[in-house]
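**Student:**
2 protein chains.
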Amino acid sequence: MKEVVDYLKANQDRFLEELAEFIKIPSISAHADRRKDISKAAKFTEKQLKAAGLKNVKQYPTKGNPVVYGEWMGAKGAPTILVYGHYDVQPVEPLEKWKTDPFEMTIKGGKMFGRGTSDDKGQVFIHFKVIEAYLKTVKKLPVNIKVIVEGEEEVGSTNLVDFIKKHRALLKSDTILISDTNMIGKTKPSITYGLRGLTYLEVSVKSLSGDQHSGTFGGGVANPIQVLSELLVKCKDPKTSKVKIPGFYSDVVPLSRKERNELAKIPHDDAMYAKNLGAVSTFGEKGYSTIERTGARPTFEINGIWGGHTGAGVKTVLPAEAHAKVSMRLVANQDPDKIAKAFKDYIKDITPDTVKVDVKLYDNNGYAALTPLTADGMKAASTAIKKVFKKDPFFTREGGSIPVVADFQHLLGVDAILLGFGLPDDNLHAPNEKMDISQFRNGMQTTVHFLEEYAKMKSAG
Amino acid sequence: MKEVVDYLKANQDRFLEELAEFIKIPSISAHADRRKDISKAAKFTEKQLKAAGLKNVKQYPTKGNPVVYGEWMGAKGAPTILVYGHYDVQPVEPLEKWKTDPFEMTIKGGKMFGRGTSDDKGQVFIHFKVIEAYLKTVKKLPVNIKVIVEGEEEVGSTNLVDFIKKHRALLKSDTILISDTNMIGKTKPSITYGLRGLTYLEVSVKSLSGDQHSGTFGGGVANPIQVLSELLVKCKDPKTSKVKIPGFYSDVVPLSRKERNELAKIPHDDAMYAKNLGAVSTFGEKGYSTIERTGARPTFEINGIWGGHTGAGVKTVLPAEAHAKVSMRLVANQDPDKIAKAFKDYIKDITPDTVKVDVKLYDNNGYAALTPLTADGMKAASTAIKKVFKKDPFFTREGGSIPVVADFQHLLGVDAILLGFGLPDDNLHAPNEKMDISQFRNGMQTTVHFLEEYAKMKSAG
């Protein structure tokens, strides 16, 4: 193990150079005009897996972006770990808010800035390099490893489910390892045992066949922005933040007293939390703590809105239409399809008959996921963290969604271990995304220990 | 007069070619990067006034865009008419909704399409050409004429008031003639005797210092789009469309029974009106007709809204801020500054303390205007219309605003005659703006008769 660790230390500079090449590729899956960059990123991933020493490396085409696969099955009798990550990234708008070029990785104050540094190119790179370190030094891994890196995570992993269904044998494994989440802090390591589910929709209100003069026609017909605002306000109580869509909470399993106690242990300061976000104060569902609101309770959020004149200066227009993108984060036992339908029905129900409304469901539906704290992988991860970070990890539920985690658990029948090395201030999905270099390095060390621990645990068990 | 009329007919093709050159200049006053085009449009106007035979033609610089002036003072003892128009145009977004290039005048089905064809390049051109026809044929006009064409009408005529104040003597006149409004229909001529006032503001709600991941932070802090929607919904009752800003209606002079009777004469069919707009139905302030709602009653309209992810696809962002542009149309006796202040105070009052709010007032405040039906100019206009359109005009109040009309009346102490030749389907301030060629031609004929009638009336009086 020492050779592996030494190799990782000795090659850090090269790793950062290679990661910068990866970041340079604007593989934004949400933008149809980035197909070439998606291909480039898939090819780059393929090269990395080959360079790491994996076998049977290839791209599997899907209806969307390709899945890159590679494996090393030389550990006879040892367990098999399926490593999952993604090579696609979020859009970068608003560009003017970036302090550096999102696609030129910039190192400053021990941090790597750039789109994908934390989500997920930087984190999946940890696995590439740990595998490389083993296979270049001791020529073997303590476990068998299968790696899949997909290109549609940021648009809901639409085609990955099909891929998993088709390749159950190929993907057979004892546990899944994913580094695509955060820790509480550098000195407060944590492991995520829960993820929220997601449903993402777009509401369009149309009142006229074309934009009109707001003086000539204003007051004579419904204003679509006004109506859209009315609809949105009816989705969430302004005072209690309770979602008002009928049936929204019906399937939610209430948080147990025990779990609330566990979550209460997580270090958290509302005032500091608000300050770090530049917010006046925290705000959310009545009766729950911020930790619970953001991890263990379902939410309704408006992700975008637009209509009428959004440019500079004055335009006295009565707009023809208005749109909003909304998403709901779900918790275990909520069915995303059912929730999406409830939302559609509700919107149609409350829309006044002066306008037309349309609700479009994006292909981003996903169930919430929960991994038992007693799973072998959780124990191995916990030990690995303690060895590197010198502290017992906290166990957290993350508010974000990786829908494929629930799909993996469901389709392959194994647990997913979310061993993420991001930090809460990484600006995921936002301008100035970054990853701390120390987390990148500790992530590699932790992953080495995880593989060793998991192999030991399984051979003992 | 026959020579004048013959000249106008004989030169129609050339007039359209010259107008097309005018349309070609994208003189969008709302966009700071169009300064050069503003200059070009001012220069073009200057050339037109010179070519028409006016004297003392020159550009007067202002703090903003120049005012172009020209005069012909050769009608000793005759009254003086001040003609006003503007060479600036509205923005053209959304460009994709235009069926033709907005800056390439396209003639189709007897209509000229292009930005400014109706508002106001096409209409001010009527005056250029009528003056030219007189001065090229009979070498004189029946009245003295002063022409001012400004370049900031679409951004509130901010600097024109200063110009008027500075040049009261230069602008001394007996009445003002403006062609910048609509008629009810080609066979339903009308004269506008009232215009609504305007105040235009922007509301910005800020909750975070930067965009964040809606999964990680969603539910923990206020969503600025949600809050903005709540604020907007509190400005207007969804059922009655009554504006809920305290004091909004305080200074409104109620419509008299007599005026409501007059307005009820205007041909109007709610179902047809809605159909023409592509609307499901009309909608507006409870207790008033559509004619009253759009012309004689004040309104609150949202002109634009934006925040978060407004591009293609999915982005699970919790936005840092959200913005809306709103305007209120005012009626006689409402003070735009007072209304703007009432709005600002109200928004600050109803904003929850989880976010920061900012309300910015644009320089577009303007009073409503009313011209007595008994004014000499109104009578001359009425006779002129009857001669050309073979029908008595209706008298209407227009919902739009030309703030400078109220300023003219106030500062120069004379009435403004709004002899407009646009039509309700001209798509002002919207994609596919057009002007009917027949209205352009009849506009010239009507203007000739107006000048003759006004001269007669004044010499008789």
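Protein chains in written order, with the working numbering: chain A, 1 to 461; chain B, 462 to 922. By construction, the Cβ of each residue, glycine as well, lies at the ideal position given by its N, Cα and C atoms.
1) Please return the same chain residues whose Cβ sits closer than 8 angstroms to the Cβ of A683 of chain B, not counting the five positions on each side in sequence.
2) Distance cutoff 8 angstroms, beta carbons only. Does L263 of chain A sit that close to anything in chain B?
3) For N764 of chain B, report the span of its beta strand (DSSP E) as first-last.
4) Going by C-alpha to C-alpha distance, which of A:W72, A:N65, A:V4 and A:K40 sits closest to K55 of chain A?
5) Hey, is N427 of chain A's beta-carbon within less than 8 angstroms of any beta-carbon in chain B?
6) Measuring alpha carbon to alpha carbon, tell me which of A:P66, A:I184, A:P91 and A:S204 ends up nearest K325 of chain A.
7) Determine, using beta carbons only, whether Y828 of chain B and P854 of chain B come nearer to each other than 8 angstroms.
8) Give the single residue among B:S920, B:V616 and B:M905 whose Cα lies nearest to the Cα of A594 of chain B.
9) Quick one: is N888 of chain B buried, meaning 16 or more other Cβ sit within 10 Å of its Cβ, or exposed?
10) Assign S438 of chain A to buried or exposed, taking buried as 16 or more other Cβ atoms, counted over all protein chains shown, within 10 Å of its Cβ.
11) Quick check: the Cα distance between S488 of chain A and K348 of chain A, rounded to an integer number of angstroms?
12) Below 8 angstroms, can you find three or more Cβ-Cβ pairs linking the region 393-408 of chain A to the region 252-268 of chain A?
13) Please list, in chain order, the chain A residues whose beta carbon lies closer than 7 angstroms to that of S690 of chain B.
14) Is it buried or exposed, D897 of chain B, if we count other Cβ atoms within 10 angstroms and call 16 or more buried?
15) Hey, I145 of chain A and V414 of chain A are a contact pair by Cβ (cut 8 angstroms); roughly how many whole angstroms apart?
16) Got a sec? Which residues, its chain only, sit under 6 angstroms from E422 of chain A by beta carbon, not counting five neighbours each side?
17) With C-beta atoms as the reference, is G215 of chain A less than 8 angstroms away from G769 of chain B?
18) Considering only C-alpha positions, which residue in the set A:Q212, A:A296 and A:N276 is nearest to E262 of chain A?
19) Would you mind stating whether T446 of chain A and A380 of chain A have Cβ atoms separated by less than 8 angstroms?
20) Could you name the residues of the region 265-282 of chain A whose beta carbon sits closer than 8 angstroms to any beta carbon of chain B, in the order they occur along the chain?
21) Spatial neighbours of H429 of chain A within its chain, please: CB distance less than 6 angstroms, with the 5 preceding and 5 following residues excluded, ordered by chain position.
22) For R293 of chain A, decide whether its Cβ has a neighbour in chain B, counting only Cβ atoms nearer than 8 angstroms.
23) Does DSSP put L135 of chain A in a helix, in a strand, or in coil?
24) Using a Cβ-Cβ cutoff of less than 6 angstroms, which residues in the same chain neighbour V155 of chain A once the five nearest sequence positions on both sides are dropped?
25) For E894 of chain B, name the three-state secondary structure that DSSP assigns.
26) Quick check: the region 232-242 of chain A against the region 372-379 of chain A, are there 3 or more CB pairs under 8 angstroms?
27) From the beta carbon of Q795 of chain B, is the nearest beta carbon of chain A less than 8 angstroms away?
28) Decide yes or no for the touch test of the region 529-546 of chain B against the region 559-575 of chain B: beta carbon pairs closer than 8 angstroms, at least 3 of them.
29) Looking at the structure shown, is H127 of chain A part of a helix, part of a strand, or coil, going by DSSP?
30) Bridge partners of Q212 of chain A, per DSSP?
31) What is the DSSP secondary structure of M105 of chain A, counted as helix, strand or coil?
32) For chain B, find out if any of its Cβ atoms is closer than 8 angstroms to the Cβ of T106 of chain A; answer yes or no.
33) Closer than 8 angstroms, CB to CB, is V155 of chain A near chain B or not?
34) Using a C-beta to C-beta distance shorter than 8 angstroms, which residues of chain A count as neighbours of V778 of chain B?
35) Within its chain, find whatever has a CB closer than 7 angstroms to the CB of T282 of chain A; leave out the 5 residues flanking it on each side and keep chain order.
36) Do G420 of chain A and Q123 of chain A have their CB atoms nearer than 8 angstroms?
**Tutor:** For this structure:
1) In the second sequence, the residue the question calls residue 683 of chain B occupies position 222. Apart from sequence neighbours up to five positions away, the residues of its chain that approach A683 of chain B with a beta-carbon distance below 8 angstroms are S668, P813, T815 and V816, ordered along the chain.
2) Numbered from its first residue, the first sequence carries residue 263 of chain A at position 263. Taking CB atoms only, L263 of chain A has no neighbour in chain B less than 8 angstroms away.
3) To locate residue 764 of chain B, count along the second sequence from 1; it is residue 303. That run of the beta strand (DSSP E) goes T760 to G769.
4) Translated into positions along the first sequence, residue 55 of chain A becomes position 55. With distances taken between Cα atoms, K55 of chain A lies closest to A:W72.
5) Walking along the first sequence from the start, residue 427 of chain A turns up at place 427. Interface residue, yes.
6) Sequence index remark: in the first sequence, residue 325 of chain A carries index 325 (1-based). K325 of chain A has its Cα closest to that of A:S204, out of A:P66, A:I184, A:P91 and A:S204.
7) Taking the second sequence and counting its residues from 1, one reaches residue 828 of chain B at position 367. Taking the second sequence and counting its residues from 1, one reaches residue 854 of chain B at position 393. Cβ distance not < 8 angstroms, so Y828 of chain B and P854 of chain B don't count as in contact.
8) Translated into the one-based positions of the second sequence, residue 594 of chain B becomes position 133. Distance check between A594 of chain B and each of B:S920, B:V616 and B:M905 places B:M905 closest, using alpha-carbon atoms only.
9) On the second sequence, residue 888 of chain B is found 427 positions in, with the first residue counted as 1. With a 10 Å radius around the Cβ and a threshold of 16 neighbouring Cβ atoms, N888 of chain B comes out buried.
10) Against the first sequence, residue 438 of chain A aligns to sequence position 438. Burial call: exposed.
11) Here chain A has residues from 1 to 461 only, and residue 488 of chain A is not among them.
12) Yes: at least three Cβ pairs fall under 8 angstroms.
13) The count along the second sequence starts at 1 and reaches residue 690 of chain B at position 229. Simply S229, L232 and V233.
14) Walking along the second sequence from the start, residue 897 of chain B turns up at place 436. By the 16-neighbour rule on beta-carbons within 10 angstroms, D897 of chain B is buried.
15) Walking along the first sequence from the start, residue 145 of chain A turns up at place 145. Walking along the first sequence from the start, residue 414 of chain A turns up at place 414. The pair is not a contact, with the Cβ atoms about 14 angstroms apart (cut-off 8 angstroms).
16) The residue given as residue 422 of chain A occupies position 422 in the first sequence. It is Gly, not Glu, that sits at residue 422 of chain A in the sequence shown. The beta carbon of G422 of chain A sits closer than 6 angstroms to those of S118 and N182, all from its chain and outside the five residues before and after it, given in chain order.
17) Counting from one through the first sequence, the residue named residue 215 of chain A turns up at place 215. Counting from one through the second sequence, the residue named residue 769 of chain B turns up at place 308. No, they are not a contact pair.
18) Start at 1 with the first residue of the first sequence, and residue 262 of chain A comes out as number 262. Of A:Q212, A:A296 and A:N276, the residue nearest in Cα terms is A:A296.
19) In the first sequence, counting from the first residue as 1, residue 446 of chain A sits at position 446. In the first sequence, counting from the first residue as 1, residue 380 of chain A sits at position 380. Result no, Cβ atoms of T446 of chain A and A380 of chain A do not sit closer than 8 angstroms.
20) If the cut-off is 8 angstroms between Cβ atoms, the region 265-282 of chain A has Y273, A274, L277, G278, A279, V280, S281 and T282 near chain B.
21) As a working note, residue 429 of chain A is residue 429 in the first sequence. Within its own chain, the residues whose Cβ lies closer than 6 angstroms to the Cβ of H429 of chain A, once the five positions on either side in sequence are excluded, are Q90, listed in chain order.
22) As a working mapping, residue 293 of chain A is identified with position 293 in the first sequence. The beta carbon of R293 of chain A sits closer than 8 angstroms to some beta carbon of chain B.
23) Taking the first sequence and counting its residues from 1, the one referred to as residue 135 of chain A is at position 135. Looking at L135 of chain A - three-state DSSP - the assignment turns out to be helix.
24) Sequence index remark: in the first sequence, residue 155 of chain A carries index 155 (1-based). For V155 of chain A, where only same-chain residues beyond five positions count, the Cβ hits under 6 angstroms are S29 and A30.
25) On the second sequence, position 433 is the one that residue 894 of chain B refers to. In this structure, DSSP gives E894 of chain B a state outside helix and strand, which the three-state scheme calls coil.
26) Taking a contact to require three or more Cβ pairs closer than 8 angstroms, the region 232-242 of chain A and the region 372-379 of chain A do not qualify as touching.
27) Numbered from 1 along the second sequence, position 334 holds the residue referred to as residue 795 of chain B. No, Q795 of chain B lies away from the interface with chain A (no Cβ there is under 8 angstroms from its Cβ).
28) Of all C-beta pairs linking the region 529-546 of chain B to the region 559-575 of chain B, fewer than three are shorter than 8 angstroms, placing the two stretches out of contact.
29) One-based indexing of the first sequence puts residue 127 of chain A at position 127. The DSSP-derived three-state label of H127 of chain A is helix.
30) As a working mapping, residue 212 of chain A is identified with position 212 in the first sequence. Answer is A:L318, bridged to Q212 of chain A.
31) The residue labelled residue 105 of chain A in the question sits at position 105 within the first sequence. In the displayed model, M105 of chain A falls within coil according to three-state DSSP, outside both helix and strand.
32) Translated into the one-based positions of the first sequence, residue 106 of chain A becomes position 106. No, because no Cβ of chain B sits closer than 8 angstroms to the Cβ of T106 of chain A.
33) Translated into the one-based positions of the first sequence, residue 155 of chain A becomes position 155. By this cut-off, V155 of chain A is an interface position.
34) For the purposes of this step, residue 778 of chain B is taken as residue 317 along the second sequence, with counting starting at 1. What V778 of chain B touches in chain A: N303, G304, H429 and A430.
35) The residue given as residue 282 of chain A occupies position 282 in the first sequence. Excluding residues within five positions, the ones whose Cβ falls inside 7 angstroms are D270, Y273, A274 and T290.
36) Here residue 420 of chain A refers to the residue found at position 420 when the first sequence is read from its first residue. Here residue 123 of chain A refers to the residue found at position 123 when the first sequence is read from its first residue. Contact flag set, yes.
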